[in-house]
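With the numbering used here applied, the sequence shown covers 4 to 299.
Heads up, the thing below is written out as structure tokens.
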Amino acid sequence: MLQQAARQIPRLWTSSVSLLQAQQGLGQPLGAALCQQIRESSSGLSSDQVKGLLKEFSAPPHSLQCERPSAIPSDMEKSTWGKLALKLLMFNDKYNQLIIGGQELYEAIKDQVDDKAMHKAFGMDPKVFYSTYTLLAVHVWLIVHRLGHLNTKEPKFFKQRFYNSFVADVERRIYDQGVQVGVGKWMRKLESVFYSSGLSFDKVLRGESEETMEGVVLREFFGNDASKRPQSQLLAAYLRHQLSCLQVTDDAAIMKGQVQFSRKPFDPFRTFAAPQGQGSGSGSVGEGADAPGVPR
Numbered sequence: 004m005l006q007q008a009a010r011q012i013p014r015l016w017t018s019s020v021s022l023l024q025a026q027q028g029l030g031q032p033l034g035a036a037l038c039q040q041i042r043e044s045s046s047g048l049s050s051d052q053v054k055g056l057l058k059e060f061s062a063p064p065h066s067l068q069c070e071r072p073s074a075i076p077s078d079m080e081k082s083t084w085g086k087l088a089l090k091l092l093m094f095n096d097k098y099n100q101l102i103i104g105g106q107e108l109y110e111a112i113k114d115q116v117d118d119k120a121m122h123k124a125f126g127m128d129p130k131v132f133y134s135t136y137t138l139l140a141v142h143v144w145l146i147v148h149r150l151g152h153l154n155t156k157e158p159k160f161f162k163q164r165f166y167n168s169f170v171a172d173v174e175r176r177i178y179d180q181g182v183q184v185g186v187g188k189w190m191r192k193l194e195s196v197f198y199s200s201g202l203s204f205d206k207v208l209r210g211e212s213e214e215t216m217e218g219v220v221l222r223e224f225f226g227n228d229a230s231k232r233p234q235s236q237l238l239a240a241y242l243r244h245q246l247s248c249l250q251v252t253d254d255a256a257i258m259k260g261q262v263q264f265s266r267k268p269f270d271p272f273r274t275f276a277a278p279q280g281q282g283s284g285s286g287s288v289g290e291g292a293d294a295p296g297v298p299r
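In structure tokens, the structure reads:
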């Protein structure tokens, strides 16, 4: 399953645009109208919360480079025996470093998604598997798109290992939901959603589509549910901002996994309880309206 998924990934590694191009087709600025729509929707967000998010998402781009803890214990790096062990294990081999970088980069995505603040900000239920998958998938696409211009051997190797981490994590999460039968069917459906949304996002950024970013989000991740349009607009605004931030983040930092996605916009949501009435108990893979067309 993982090898089959890995062979399909090159289709998404070919797209790259400049910052100027990336600003095309990204949609119009959002403001009072969206605040009203959010109030009338079931997201549970106040106008002040929406305004706060939009303010953060319209801020000037900043580098996402951030030092992350080393994968090697500090005492091992300092001791003679530790250095010898690292050498024997070829830990510092460039391809091993690329593997570690891909894993660390995916860990940065999990750090962003798994504290549930983003779910609350975008009116998504963290107990519903597809909500979490949506947030993981769009972050993976951000990286795929950002590194699309790097097509030499080592970057390709890195990108493949990074993607493999994503696929393995998604498969594990499905099993964690208690699903034991039909996992392969689930994975194929989710892969289809990932590729379809990624290609659609790329077409929007290249000016080859009449769709907008929020239109793609609504179609691919919210099942074209009109009541979810405000949430899709907020998520699209976040993606636009992170695209701009990644453009000013060094390639080397990204490939070392030394990245932290913008967390400040979601700080207010880290102290709030999940909306009442959403989800139940352990959650479900096929639960909720956020999983359009996904097999149960």
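The C-beta atom is built at its ideal place from N, Cα and C for all residues, glycine as well.
One question on the structure: do residue i and residue j come within less than 8 Å of each other, judged by their Cβ atoms?
{"i": "leucine 145", "j": "lysine 162", "result": "no"}
{"i": "leucine 217", "j": "serine 235", "result": "A small fix is needed here, since residue 217 is glutamate in this sequence, not leucine. In contact: glutamate 217 and serine 235 (Cβ atoms closer than 8 Å)."}
{"i": "glutamate 59", "j": "lysine 97", "result": "no"}
{"i": "threonine 137", "j": "phenylalanine 264", "result": "no"}
{"i": "phenylalanine 125", "j": "leucine 238", "result": "yes"}
{"i": "glutamine 106", "j": "serine 168", "result": "yes"}
{"i": "valine 147", "j": "glycine 201", "result": "yes"}
{"i": "valine 196", "j": "tryptophan 189", "result": "no"}
{"i": "aspartate 315", "j": "histidine 122", "result": "The structure shown does not extend to residue 315, since the chain is modelled only from 4 to 299, so the question has no answer here."}
{"i": "leucine 246", "j": "valine 141", "result": "no"}
{"i": "glycine 260", "j": "arginine 71", "result": "yes"}
What does DSSP give as the partner residues of residue i in its beta bridges?
{"i": "glutamine 68", "result": "Val262"}
Between residue i and residue j, which are expected to be in contact by the criterion C-beta below 8 Å, what is the C-beta distance as a whole number of angstroms?
{"i": "phenylalanine 165", "j": "leucine 108", "result": "6 Å"}
{"i": "leucine 193", "j": "valine 173", "result": "6 Å"}
{"i": "valine 262", "j": "alanine 111", "result": "5 Å"}
{"i": "phenylalanine 132", "j": "arginine 191", "result": "Not really, about 16 Å apart at Cβ, beyond 8 Å."}
{"i": "methionine 258", "j": "glycine 104", "result": "5 Å"}
{"i": "alanine 240", "j": "leucine 57", "result": "7 Å"}
Alpha helix (DSSP H) containing residue i: first to last residue?
{"i": "threonine 135", "result": "132-149"}
{"i": "aspartate 179", "result": "156-179"}
{"i": "arginine 191", "result": "186-208"}
{"i": "valine 182", "result": "Note, valine 182: premise wrong, no alpha helix (DSSP H); not H, not E."}
{"i": "histidine 244", "result": "232-250"}
{"i": "histidine 122", "result": "120-124"}
{"i": "serine 50", "result": "50-60"}
{"i": "arginine 273", "result": "Note, arginine 273: premise wrong, no alpha helix (DSSP H); not H, not E."}
{"i": "leucine 101", "result": "97-117"}
{"i": "leucine 153", "result": "Premise fails: leucine 153 is in no alpha helix (DSSP H) and is neither H nor E."}
{"i": "arginine 47", "result": "For the record, residue 47 in the displayed sequence is glycine; it is not arginine. No alpha helix (DSSP H) holds glycine 47; DSSP gives it neither H nor E."}
{"i": "valine 225", "result": "The sequence as given places phenylalanine at residue 225; valine does not occur at that position. Segment: none, phenylalanine 225 is in no alpha helix (DSSP H) and carries neither H nor E."}
Hey, is residue i close to the ligand FMN, as in C-beta under 7 Å from one of its heavy atoms?
{"i": "aspartate 179", "result": "Absence of the ligand FMN is noted for the structure shown, with no ligands found whatsoever."}
Could you confirm whether any beta carbon from chain C is found closer than 8 Å to the beta carbon of residue i?
{"i": "glutamine 245", "result": "Protein chains in the displayed structure number just one, and chain C is not present."}
(message) With a threshold of 8 Å, are at least 3 pairs of Cβ atoms found where one atom belongs to the segment 113-133 and the other to the segment 261-275?
(response) yes
(message) For the structure I just gave you, are there three or more beta carbon pairs, one from the segment 61-72 and one from the segment 243-254, closer than 8 Å?
(response) yes
(request) Would you be able to state if there are at least three C-beta pairs under 8 Å between the segment 45-59 and the segment 230-249? (result) Counting Cβ pairs under 8 Å, three or more are found: they touch.
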